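Colleague: Below is the structure I would like to discuss, written out as structure tokens.
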Amino acid sequence: KQEVTQIPAALSVPEGENLVLNCSFTDSAIYNLQWFRQDPGKGLTSLLLIQSSQREQTSGRLNASLDKSSGRSTLFIAASQPGDSATYLCAAAFYNQGGKLIFGQGTELSVKP
Amino acid sequence: EPEVTQTPSHQVTQMGQEVILRCVPISNHLYFYWYRQILGQKVEFLVSFYNNEISEKSEIFDDQFSVERPDGSNFTLKIRSTKLEDSAMYFCASSPDGGNTEAFFGQGTRLTVV
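Protein sequence lines correspond, in order, to chains A and B. In terms of the working numbering, the first sequence has 95 at position 95, counting the first letter as 1, and numbering is strictly consecutive. Position in the second sequence (first residue = 1) + 1000 = the working numbering.
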């Protein structure tokens, strides 16, 4: 069964710190992996998409990596700010699944001023 | 910037009633999806839709659920005879061509069954 797992479930850091969020998946036949941000009670905002042929993607202070062989992806946030506080979700699209995404349970990030 | 829009943002319904959740996907996208997120739980796939038919559905998507693309722009999820456990946030998503491209999500409809 294809599964996506995120550890830790919650993370609290002081403002300005760099941090890494982890995502693991059980099947290396991955089409792409997407990272989302979700604010409480709100929708999903796409942050980064990494294709299976890529190893990383960058957008501003965010950098996402993908290692298919180990079944892992990381989201690196540089110089964290209180406005980064949210839940971060990773979701994987696997081959022959028509593009459906399988989500992790998310990491709730709190950046303290 | 194009976006997926969902209406209503919040719907309260009595148990046993039927609800229709509406979505307008991004106009040039070909694949459409519904997901749901029960409070405190993972986002779960419900159904995918391509070329005017269901391409895949999850175990959750039983006879109580149906989807439709009644015209060239709307994509709806109908839930018949709602149950308390249907209370969740329902997300619509669309993508240009399925698995190899980014999925764009709407802001969700919070369904509360009382």
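The beta carbon of each residue, even a glycine, is placed where N, CA and C say it ideally should be. The structure displayed is predicted, hence computed values, not measured ones.
(1) I need the straight-line Cα distance from I1079(B) to T1013(B), nearest angstrom please.
(2) If you count every other CB in all the chains shown that lies within 10 Å of the CB of P40(A), and 16 or more means buried, which is it?
(3) Could you tell me which residues DSSP pairs with P14(A) in its beta bridges?
(4) Looking only at its own chain, which residues have a Cβ that is under 8 angstroms from the Cβ of R1036(B), when we skip the five neighbours before and after it?
(5) Could you give the C-beta distance for T91(A) and F103(A), rounded to a whole number, given that I count them as a contact under 8 angstroms?
(6) Alpha carbon to alpha carbon, how far is I1026(B) from S12(A)?
(7) Do you know offhand how far T114(A)'s Cα is from G106(A)'s?
(8) Return the chain-ordered list of same chain residues with a C-beta closer than 7 angstroms to the C-beta of Q81(A), the five sequence neighbours on each side being excluded.
(9) Report the CB separation of G1106(B) from V1004(B) in whole angstroms; it is logged as a contact under 8 angstroms.
(10) What residues match up with Y1050(B) in a beta bridge as DSSP calls it?
(11) Anything in chain B within Cβ reach of K42(A), meaning under 8 angstroms, just list it in chain order.
(12) Would you please verify whether the beta carbon of I102(A) is less than 8 angstroms from any beta carbon of chain B?
(13) Roughly how many angstroms separate the alpha carbons of N32(A) and Q38(A), rounded to a whole number?
(14) Is there a Cβ from chain B that is less than 8 angstroms from the Cβ of G71(A)?
(15) Who are the near neighbours of Q57(A) in its chain, counting only those whose CB is closer than 6 angstroms to its CB and skipping five residues on each side?
(16) Verify the CB distance criterion: does Q105(A) have a CB-CB separation below 8 angstroms to chain B?
(17) Going straight from the alpha carbon of L1021(B) to that of L1111(B), what length do you get?
(18) Identify the contact partners of N1100(B) in chain A, using a Cβ-Cβ distance below 9 angstroms as the criterion.
(19) Against S85(A), what residues of chain B qualify as contacts under a CB-to-CB distance less than 7 angstroms, listed in chain order?
(20) Would you mind telling me which residues of chain A sit closer than 8 angstroms to A1088(B), beta carbon to beta carbon, in chain order?
Modeller: Taking the structure as given:
(1) The residue given as residue 1079(B) occupies position 79 in the second sequence. The residue given as residue 1013(B) occupies position 13 in the second sequence. Within the model, the alpha-carbon separation for I1079(B) versus T1013(B) is close to 11 angstroms.
(2) One-based indexing of the first sequence puts residue 40(A) at position 40. An exposed status is given to P40(A), since fewer than 16 other beta-carbon atoms sit within 10 Å of its beta-carbon.
(3) In the first sequence, counting from the first residue as 1, residue 14(A) sits at position 14. Beta-bridge pairing links P14(A) to K112(A).
(4) Here the question's residue 1036(B) lines up with position 36 in the second sequence. Counting only Cβ-Cβ distances below 8 angstroms, and skipping sequence neighbours, we find V1043, E1044, L1046, I1060, A1088, M1089, Y1090 and F1091.
(5) Taking the first sequence and counting its residues from 1, the one referred to as residue 91(A) is at position 91. Taking the first sequence and counting its residues from 1, the one referred to as residue 103(A) is at position 103. The amino acid occupying residue 91(A) in the given sequence is Ala; Thr does not appear at that position. With a contact defined as Cβ atoms closer than 8 angstroms, A91(A) and F103(A) qualify at about 5 angstroms.
(6) By one-based count along the second sequence, residue 1026(B) stands at place 26. By one-based count along the first sequence, residue 12(A) stands at place 12. Each residue's Cα considered, the two are about 36 angstroms apart.
(7) Since the displayed chain A opens at 1 and closes at 113, residue 114(A) lies outside it and no answer follows.
(8) The residue labelled residue 81(A) in the question sits at position 81 within the first sequence. Result list for Q81(A): E15 and V111, in chain order.
(9) Position 106 of the second sequence, counted from the first residue, corresponds to residue 1106(B). Position 4 of the second sequence, counted from the first residue, corresponds to residue 1004(B). Beta-carbon to beta-carbon, G1106(B) and V1004(B) are separated by about 4 angstroms, close enough to satisfy the 8 angstroms threshold.
(10) By 1-based counting over the second sequence, the position of residue 1050(B) is 50. In DSSP, Y1050(B) forms a bridge with Y1031(B) and E1053(B).
(11) Looking up residue 42(A) in the first sequence gives position 42. Within chain B, the residues near K42(A) are Q1107 and G1108.
(12) Along the first sequence, one-based indexing puts residue 102(A) at 102. For I102(A), at least one C-beta of chain B is nearer than 8 angstroms to its own C-beta.
(13) Here residue 32(A) refers to the residue found at position 32 of the first sequence. Here residue 38(A) refers to the residue found at position 38 of the first sequence. If you take the alpha carbons of N32(A) and Q38(A), they lie about 19 angstroms apart.
(14) On the first sequence, residue 71(A) is found 71 positions in, with the first residue counted as 1. Interface residue (Cβ-Cβ distance to chain B less than 8 angstroms): G71(A) is not classified as such.
(15) Taking the first residue of the first sequence as position 1, residue 57(A) is located at position 57. Annotation for Q57(A): L48, I50 and A64 place their beta carbon closer than 6 angstroms to its own, counting only its chain and skipping 5 residues before and after.
(16) Here residue 105(A) refers to the residue found at position 105 of the first sequence. Taking Cβ atoms only, chain B reaches closer than 8 angstroms to Q105(A), which makes this a yes.
(17) Numbered from 1 along the second sequence, position 21 holds the residue referred to as residue 1021(B). Numbered from 1 along the second sequence, position 111 holds the residue referred to as residue 1111(B). One C-alpha to the other measures close to 9 angstroms.
(18) Counting from 1 along the second sequence, the entry for residue 1100(B) is found at position 100. Y31, N32, Q51, S52, A93 and G99, listed in chain order.
(19) The count along the first sequence starts at 1 and reaches residue 85(A) at position 85. The contacting residues do not exist; S85(A) stays about 18 angstroms from chain B at best.
(20) If you number the second sequence from 1, residue 1088(B) lands on position 88. Those within 8 angstroms of A1088(B) in chain A number zero; the least Cβ separation is about 12 angstroms.
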